[in-house]
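Q: Sharing a structure, written as structure tokens. Questions coming.
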Amino acid sequence: MVETNNLNESAREEKKTTISLSPTISSMATRGDESTADPSAAEVIFDVEKLDAFYGDFKALSNVSLQVYKSQVTAFIGPSGCGKSTFLRCFNRMNDLIEGARVEGTIKYRGADLYDEEVDPVEVRRRIGMVFQKPNPFPKSIFENVAYGPRLSGLKKSKLAETVEKSLRRSALWDEVKDRLSASAYGLSGGQQQRLCIARAIAVQPDVVLMDEPCSALDPIATARIEELITELKSEYTIVIVTHNMQQAARMSDQTAFFSVALDSHGSRTGELVEFDKTETIFTNPNDSRTEAYITGRVG
Amino acid sequence: MRLASSPADIAIQTAKTRQSLQRRPQADLPGTLFKWLLISFTGFAIAFLGVLVVVMVNDGWSVLSGRLSGFLSNGFSQRSAQDAGVWQGIVGSVQIGIATALFAIPVGIATAIYLVEYATGGWFARAVELNVRNLAGVPSIVYGLLGLTVFVKTLDGFTQGKTVIAGGLTLAAMVLPIIVITSVEALKAVPQGIREAAYGVGATKWEVLSRQILPAAVSTILTGTVLSLARALGEAAPLILVGAATGFISFGDSNFLETFTGPFTALPVLIFNFARQPGEDWSANAAAASVVILILVLMINGAALYFRNRFEKKW
Amino acid sequence: MNMTTISAEELQTASGRRLRSSLARWMFLLASAVTILISGLIIWTIASEAWTFASQVAADQLQTIGWFPRRGMFDIGTLILNSAQIAIVSMIVAVPSGLGAAIYLSEYAHPRVRRIMKPTLELLASVPSVVLGVFAISFITPVVLSKFFDEINFFNKLAAGIGVGLLVIPLIASISEDALRAVPRDLREASAGLGARKATTAIRVVIPAALSGLMAAIIVGFSRAIGETMVVTIASGGGDTSLFETSIKESGGTVTSAMAALGLGTDQVAGNDLAFQSLYFLGALLFIITLVMNMLGNLIVRRMQERY
Ligand SMILES: Nc1ncnc2c1ncn2[C@@H]1O[C@H](COP(=O)(O)OP(=O)(O)OP(=O)(O)O)[C@@H](O)[C@H]1O
Ligand SMILES: [Mg+2]
Numbered sequence: 000m001v002e003t004n005n006l007n008e009s010a011r012e013e014k015k016t017t018i019s020l021s022p023t024i025s026s027m028a029t030r031g032d033e034s035t036a037d038p039s040a041a042e043v044i045f046d047v048e049k050l051d052a053f054y055g056d057f058k059a060l061s062n063v064s065l066q067v068y069k070s071q072v073t074a075f076i077g078p079s080g081c082g083k084s085t086f087l088r089c090f091n092r093m094n095d096l097i098e099g100a101r102v103e104g105t106i107k108y109r110g111a112d113l114y115d116e117e118v119d120p121v122e123v124r125r126r127i128g129m130v131f132q133k134p135n136p137f138p139k140s141i142f143e144n145v146a147y148g149p150r151l152s153g154l155k156k157s158k159l160a161e162t163v164e165k166s167l168r169r170s171a172l173w174d175e176v177k178d179r180l181s182a183s184a185y186g187l188s189g190g191q192q193q194r195l196c197i198a199r200a201i202a203v204q205p206d207v208v209l210m211d212e213p214c215s216a217l218d219p220i221a222t223a224r225i226e227e228l229i230t231e232l233k234s235e236y237t238i239v240i241v242t243h244n245m246q247q248a249a250r251m252s253d254q255t256a257f258f259s260v261a262l263d264s265h266g267s268r269t270g271e272l273v274e275f276d277k278t279e280t281i282f283t284n285p286n287d288s289r290t291e292a293y294i295t296g297r298v299g
Numbered sequence: 000m001r002l003a004s005s006p007a008d009i010a011i012q013t014a015k016t017r018q019s020l021q022r023r024p025q026a027d028l029p030g031t032l033f034k035w036l037l038i039s040f041t042g043f044a045i046a047f048l049g050v051l052v053v054v055m056v057n058d059g060w061s062v063l064s065g066r067l068s069g070f071l072s073n074g075f076s077q078r079s080a081q082d083a084g085v086w087q088g089i090v091g092s093v094q095i096g097i098a099t100a101l102f103a104i105p106v107g108i109a110t111a112i113y114l115v116e117y118a119t120g121g122w123f124a125r126a127v128e129l130n131v132r133n134l135a136g137v138p139s140i141v142y143g144l145l146g147l148t149v150f151v152k153t154l155d156g157f158t159q160g161k162t163v164i165a166g167g168l169t170l171a172a173m174v175l176p177i178i179v180i181t182s183v184e185a186l187k188a189v190p191q192g193i194r195e196a197a198y199g200v201g202a203t204k205w206e207v208l209s210r211q212i213l214p215a216a217v218s219t220i221l222t223g224t225v226l227s228l229a230r231a232l233g234e235a236a237p238l239i240l241v242g243a244a245t246g247f248i249s250f251g252d253s254n255f256l257e258t259f260t261g262p263f264t265a266l267p268v269l270i271f272n273f274a275r276q277p278g279e280d281w282s283a284n285a286a287a288a289s290v291v292i293l294i295l296v297l298m299i300n301g302a303a304l305y306f307r308n309r310f311e312k313k314w
Numbered sequence: 000m001n002m003t004t005i006s007a008e009e010l011q012t013a014s015g016r017r018l019r020s021s022l023a024r025w026m027f028l029l030a031s032a033v034t035i036l037i038s039g040l041i042i043w044t045i046a047s048e049a050w051t052f053a054s055q056v057a058a059d060q061l062q063t064i065g066w067f068p069r070r071g072m073f074d075i076g077t078l079i080l081n082s083a084q085i086a087i088v089s090m091i092v093a094v095p096s097g098l099g100a101a102i103y104l105s106e107y108a109h110p111r112v113r114r115i116m117k118p119t120l121e122l123l124a125s126v127p128s129v130v131l132g133v134f135a136i137s138f139i140t141p142v143v144l145s146k147f148f149d150e151i152n153f154f155n156k157l158a159a160g161i162g163v164g165l166l167v168i169p170l171i172a173s174i175s176e177d178a179l180r181a182v183p184r185d186l187r188e189a190s191a192g193l194g195a196r197k198a199t200t201a202i203r204v205v206i207p208a209a210l211s212g213l214m215a216a217i218i219v220g221f222s223r224a225i226g227e228t229m230v231v232t233i234a235s236g237g238g239d240t241s242l243f244e245t246s247i248k249e250s251g252g253t254v255t256s257a258m259a260a261l262g263l264g265t266d267q268v269a270g271n272d273l274a275f276q277s278l279y280f281l282g283a284l285l286f287i288i289t290l291v292m293n294m295l296g297n298l299i300v301r302r303m304q305e306r307y
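Protein chains in written order, with numbering that gives the first Met the number 0: chain Z, 0 to 299; chain R, 0 to 314; chain A, 0 to 307.
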């Protein structure tokens, strides 16, 4: 546990410095992949290479390579069923929980192969947190929801209240719930529940936060609050977000990956990465005609 | 604070990350213990079933190996354990099973159909549903009281008193709620789309039911029904109250149909009787008869499993 | 199609088809009324005779020590004590095993293992209770219990309780498993996403979320244990009388086994006039106790279903 905390702390400090001192040249980011956006921008957190993802015999995702950079928001967009969620869930090995799910190819997290035999997926998930499409608070009190993760990593009781408060403040929920921390989380509105889930995810001080369409179940006002929150959080966390909302990707993200469904060589449907670049480039000057069609079709 | 810029630094950082993510052998010791605790609890239940079978076969071995045909074909004899057999019990159980099925299955399935297809959500349906749930929890011996008073005494014009019919009605009342509950679940599992498609082409409710919904639900209904009959087969308590004979029954020269209105017994009642008698020979009989009933139960469960797999539909 | 007008008649379903449909409707309605009729008959049957007993029995007949119905000694307390003791023993056997199996099946077992385990538990559920009674007197007492206790009655409440417990395991397992599986997958994923291991997720999230359902399983299991007759009749309380005895190593009849014993002699009820009616009084008692418990259990299950 001691080790873990050290790593987290040092990672955090590094992040702050990286922002002020640029450009950092990471040799990993300079791999000559065409789709790589601005290799000199920042340190690479995830380096995905030739990833295939399967559910049993079904290949959901084929040959994906991209990089996720530190302290940036990376957005995944694309039509439904193209494998965005599947891909996202590879980053913290969430797909391990699904019977028959497996991957081929590599995902490196800070240089270490995530799917190495030696790697404990539980340790991975402590560092790489996740926020889901539908708010999914535990049927416990607001306090207990946020305290759940820190308790798992053995945080002292005396520090718990402080951590909970910090996380709730960080997710802009504190003022709304500070008087009813022991009330059930189910009494909160959908938007509040989702911010609670974000608070719960950041309470363990993860390195990366993965978000799978975190606003799709929310009304526009709640969505705006979450977007604002995500923009704020990016100074501290690396964020990967799946979204259906093109404007949202354009507004919030630094890098955008566009996925699509294609027929593979055997004629079956599989997801593939069409284009990965700086968000600005994707939305103003996409390389691939399919990207352009998708963007213009939706944004108008 | 240094930045991860040179290859050497990167290598160090990578090593650090890798180490921190490493699986530690002790990390999930409590979890492993928990899992094995659960497995042992589950194993306990399964092992018990195995031990039960072994003990019964072992205790009944002298009978099963020595005089199996006589044991299966003889009537119950109070005089000598060596002559006692289970024939009358088997006949009685089969007859009661037939009577139970005849009374309970049509009413049970019809009730379920009414609840799901006709009265969904109304106060009457809710009252019936609540009532059925409560009936399902009523101890079997209480059904025996119902049988004794209503089926044996009040309705003796129909049942002729303590007969297979009275026993069958009693057990039918007992399994009825189970049949209703499983059939309701089966009908509810039929996708709404099937109903709408059929109504869409102008079918009446009855036509939709008999041609679409029932065929779609039949496997689950059969499975539940068959399992509930297995339960009826094993019941002794209500039959004792209804007056299943505990002594020798003479069928005389009555034919099979006439025996429905004569004195009766059933396999579990016989086992109870064997178990009550003192002495090794009688306990061997009890064990051997237990083996017989276990085989019957196994066959019924096998049939249920067959129905489930044979007709299983994937929606 | 070149038809431009249709008459109202053409829009009506052929009368034969309609008749059949409404006939069916009435049949189904009639059938579901049968279940109500059964409830009514049970209550009427029990209540009338039980009332005869309650109104005619003298208070001192109820306060004797021991249950000797044919001598007019109706100490129901003795039977209730035995019922409670046996039910509690049975819960000690059935709750860990039933819950454990349920948690294993819902959280751990591979689908293939589940496919084998479920029918096995169903098989276990259909083992006749007389067979368990025989098992209790031919194995549980002489082979197992006699190893632990020097002096134990051949007929004893402990063995009966264990036998009943074994019988109740599948019931508790199946209700609990339903409760555990009703917990949304979302919650398990949320917990895993925070770096919880499987056991942690099960213990801190899934079980608390399903707690009310698990409670319901235990309540319904307890109710079944109270109502179980033949195991007790064979293994603990065969006779129609019962001494007051607090030790579970001794024999003793329960509410149910006393009923079975009275039922065996319904032709030749001799002695006290009220012996026959006491059968119904016990039935009423049993009916009320189990009804209350089952309603409670069902209520809890329904609440839980509404929540998710
Ligand atoms: N658990 C699973 N088992 C089998 N196939 C799955 C599973 N989950 C997803 N799939 C399949 O994998 C493909 C990609 O699914 P995925 O959920 O990753 O798409 P998505 O891009 O996130 O879509 P959406 O925008 O609708 O969320 C789909 O064809 C889907 O049917
Ligand atoms: Mg998705």
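Even for Gly, the Cβ is constructed at its ideal location relative to N, Cα and C.
In terms of residues, what are the limits of the alpha helix (DSSP H) holding residue 117(A)?
A: Taking the first residue of the third sequence as position 1, residue 117(A) is located at position 118. 110-124 is the extent of the alpha helix (DSSP H) around residue 117(A).
Q: Please report the distance separating the alpha-carbon of residue 32(Z) from that of residue 308(R).
A: Residue mapping note: residue 32(Z) aligns to position 33 of the first sequence, counting from 1. Residue mapping note: residue 308(R) aligns to position 309 of the second sequence, counting from 1. Confidence in residue 32(Z) is poor, its pLDDT being 40 and thus under 50, which makes the residue's placement unreliable; the coordinate value appears in the next sentence. Straight-line Cα distance between these residues: approximately 52 Å.
Q: Can you give me the C-alpha to C-alpha distance between residue 304(A) and residue 34(A), rounded to a whole angstrom?
A: Within the third sequence, numbered from 1, the residue matching residue 304(A) stands at position 305. Within the third sequence, numbered from 1, the residue matching residue 34(A) stands at position 35. Taking the straight line from one Cα to the other gives about 24 Å.
Q: Using the beta-carbon count (16 or more within 10 Å), is residue 287(A) buried or exposed?
A: The count along the third sequence starts at 1 and reaches residue 287(A) at position 288. Burial call: exposed.
Q: Just grab the DSSP bridge partners of residue 241(A) for me.
A: Walking along the third sequence from the start, residue 241(A) turns up at place 242. In the DSSP output, where bridge partners are listed per residue, residue 241(A) has 66(A).
Q: Report the rounded CA-to-CA distance for residue 64(R) versus residue 83(R), giving the unit in angstroms.
A: As a working mapping, residue 64(R) is identified with position 65 in the second sequence. As a working mapping, residue 83(R) is identified with position 84 in the second sequence. Using only the alpha carbons, I get a separation of about 15 Å.
Q: Can you find a C-beta in chain Z that's less than 9 Å from the C-beta of residue 208(A)?
A: Sequence index remark: in the third sequence, residue 208(A) carries index 209 (1-based). Interface residue, yes.
Q: In chain R, what lies closer than 9 Å to residue 197(A) by C-beta?
A: The residue given as residue 197(A) occupies position 198 in the third sequence. The answer, in chain order, is 27, 30, 33, 34.
Q: Look at the alpha carbon of residue 182(R) and the alpha carbon of residue 152(Z), and state the distance between them as a whole number of angstroms.
A: To locate residue 182(R), count along the second sequence from 1; it is residue 183. To locate residue 152(Z), count along the first sequence from 1; it is residue 153. Straight-line Cα distance between these residues: approximately 48 Å.
Q: Residue range of the alpha helix (DSSP H) that residue 304(Z) falls in?
A: This structure does not reach residue 304(Z), given that chain Z is present from 0 up to 299, and the question cannot be answered.
Q: For the segment 36-52 of chain R, which residues have a CB atom closer than 8 Å to at least one CB atom of chain A, in sequence order?
A: So the close ones are 36, 37, 38, 39, 40, 41, 43, 44, 45, 47, 48, 50, 51.
Q: Would you say residue 84(Z) touches ligand 2, meaning its beta carbon is less than 8 Å from a heavy atom?
A: As a first step, residue 84(Z) must be located in the first sequence, where it is residue number 85. Under cutoff, so the answer is yes.
Q: Under 9 Å between the Cβ atoms of residue 296(A) and residue 218(A)?
A: Walking along the third sequence from the start, residue 296(A) turns up at place 297. Walking along the third sequence from the start, residue 218(A) turns up at place 219. Cβ distance < 9 Å, so residue 296(A) and residue 218(A) count as in contact.
Q: Which chain R residues sit within Cβ distance under 9 Å of residue 117(Z)?
A: In the first sequence, residue 117(Z) corresponds to position 118, counting from 1. Correct list: 17, 20, 21, 22.
Q: For chain R, is any of its Cβ atoms less than 9 Å away from the one on residue 28(A)?
A: Numbered from 1 along the third sequence, position 29 holds the residue referred to as residue 28(A). So, interface residue.
Q: Give me the residue from 195(A), 214(A), 41(A) with the minimum Cα distance to residue 176(A).
A: Translated into positions along the third sequence, residue 176(A) becomes position 177. Checked all of 195(A), 214(A), 41(A); the closest Cα to residue 176(A) is 214(A).
Q: Taking 9 Å as the cut-off, decide whether the C-beta atoms of residue 27(A) and residue 215(R) are in contact.
A: On the third sequence, residue 27(A) is found 28 positions in, with the first residue counted as 1. On the second sequence, residue 215(R) is found 216 positions in, with the first residue counted as 1. Taking 9 Å as the Cβ cut-off, residue 27(A) and residue 215(R) do not qualify as a contacting pair.
Q: Listing by chain order, which chain A residues have their CB less than 9 Å from the CB of residue 155(R)?
A: Taking the first residue of the second sequence as position 1, residue 155(R) is located at position 156. Near residue 155(R) there are no residues of chain A at all, since even the closest Cβ is about 14 Å away, more than 9 Å.
Q: Hey, is residue 211(Z) close to ligand 2, as in C-beta under 8 Å from one of its heavy atoms?
A: Stepping through the first sequence from its first residue, residue 211(Z) is reached at position 212. For ligand 2, at least one heavy atom lies less than 8 Å from the Cβ of residue 211(Z).
Q: Got a sec: does ligand 2 put a non-hydrogen atom nearer than 8 Å to the Cβ of residue 132(Z)?
A: In the first sequence, residue 132(Z) corresponds to position 133, counting from 1. Yes, ligand 2 has a heavy atom inside 8 Å of this Cβ.
Q: Do residue 271(Z) and residue 261(Z) have their C-beta atoms closer together than 9 Å?
A: Position 272 of the first sequence, counted from the first residue, corresponds to residue 271(Z). Position 262 of the first sequence, counted from the first residue, corresponds to residue 261(Z). Yes. Within cutoff.
Q: Taking only beta-carbon atoms, is residue 203(Z) less than 9 Å away from chain A?
A: Along the first sequence, read from residue 1 onward, the residue named residue 203(Z) stands at position 204. Answer yes: the Cβ-Cβ gap between residue 203(Z) and chain A drops below 9 Å somewhere.
Q: Identify the contact partners of residue 110(A) in chain Z, using a Cβ-Cβ distance below 8 Å as the criterion.
A: Position 111 of the third sequence, counted from the first residue, corresponds to residue 110(A). Simply 98.
Q: In terms of alpha-carbon separation, which member of 133(Z), 238(Z), 158(Z) lies closest to residue 192(Z)?
A: Position 193 of the first sequence, counted from the first residue, corresponds to residue 192(Z). The shortest Cα separation from residue 192(Z) among 133(Z), 238(Z), 158(Z) belongs to 133(Z).
Q: For a quick check, are the C-beta atoms of residue 96(Z) and residue 249(A) less than 9 Å apart?
A: Numbered from 1 along the first sequence, position 97 holds the residue referred to as residue 96(Z). Numbered from 1 along the third sequence, position 250 holds the residue referred to as residue 249(A). Contact flag unset, no.
Q: Measure the CB-CB distance between residue 83(Z) and residue 44(Z) and report whether it falls below 9 Å.
A: Here the question's residue 83(Z) lines up with position 84 in the first sequence. Here the question's residue 44(Z) lines up with position 45 in the first sequence. No, these two residues do not count as a Cβ contact at 9 Å.
Q: How is residue 195(R) classed by DSSP in three states: helix, strand or coil?
A: Against the second sequence, residue 195(R) aligns to sequence position 196. Here residue 195(R) sits in helix by DSSP.
Q: Taking the Cβ atom as the reference point for each residue, do residue 127(Z) and residue 90(Z) lie within a distance shorter than 9 Å?
A: Translated into the one-based positions of the first sequence, residue 127(Z) becomes position 128. Translated into the one-based positions of the first sequence, residue 90(Z) becomes position 91. Taking 9 Å as the Cβ cut-off, residue 127(Z) and residue 90(Z) qualify as a contacting pair.
Q: When you compare the CB of residue 184(R) with every CB in chain A, is at least one pair closer than 9 Å?
A: As a first step, residue 184(R) must be located in the second sequence, where it is residue number 185. No, because no Cβ of chain A sits closer than 9 Å to the Cβ of residue 184(R).
Q: Looking only at C-alpha atoms, which of 158(A), 302(A), 240(A) sits nearest to residue 140(A)?
A: Taking the third sequence and counting its residues from 1, the one referred to as residue 140(A) is at position 141. Nearest C-alpha to residue 140(A): 158(A).
Q: State yes or no: is the C-beta of residue 228(A) within less than 9 Å of the C-beta of residue 128(A)?
A: Position 229 of the third sequence, counted from the first residue, corresponds to residue 228(A). Position 129 of the third sequence, counted from the first residue, corresponds to residue 128(A). Against a cut-off of 9 Å, the Cβ pair of residue 128(A) and residue 228(A) comes out as a contact.
Q: Counting beta carbon pairs with one atom in the segment 199-216 of chain A and one in the segment 15-31 of chain A, are three or more of them shorter than 8 Å?
A: They do not touch, by the three-pair rule.
Q: In chain order, what residues of the same chain have a beta carbon less than 7 Å from the beta carbon of residue 144(R), not counting five sequence neighbours either side?
A: As a position in the second sequence, residue 144(R) is number 145, starting the count at 1. Closer than 7 Å at the Cβ level, and outside the excluded window around residue 144(R), lie 240.
Q: Closest to residue 151(R) by CA distance: which of 166(R), 137(R), 140(R) is it?
A: On the second sequence, residue 151(R) is found 152 positions in, with the first residue counted as 1. Nearest of 166(R), 137(R), 140(R) to residue 151(R), Cα basis: 166(R).
Q: In terms of residue numbering, what span does the alpha helix (DSSP H) encompassing residue 266(R) cover?
A: Against the second sequence, residue 266(R) aligns to sequence position 267. First-last of the alpha helix (DSSP H) with residue 266(R): 266-275.
Q: Taking C-beta pairs closer than 8 Å, name the residues in chain Z that residue 12(R) reaches, listed in chain order.
A: Residue mapping note: residue 12(R) aligns to position 13 of the second sequence, counting from 1. Under the 8 Å cutoff, chain Z gives 109, 110.
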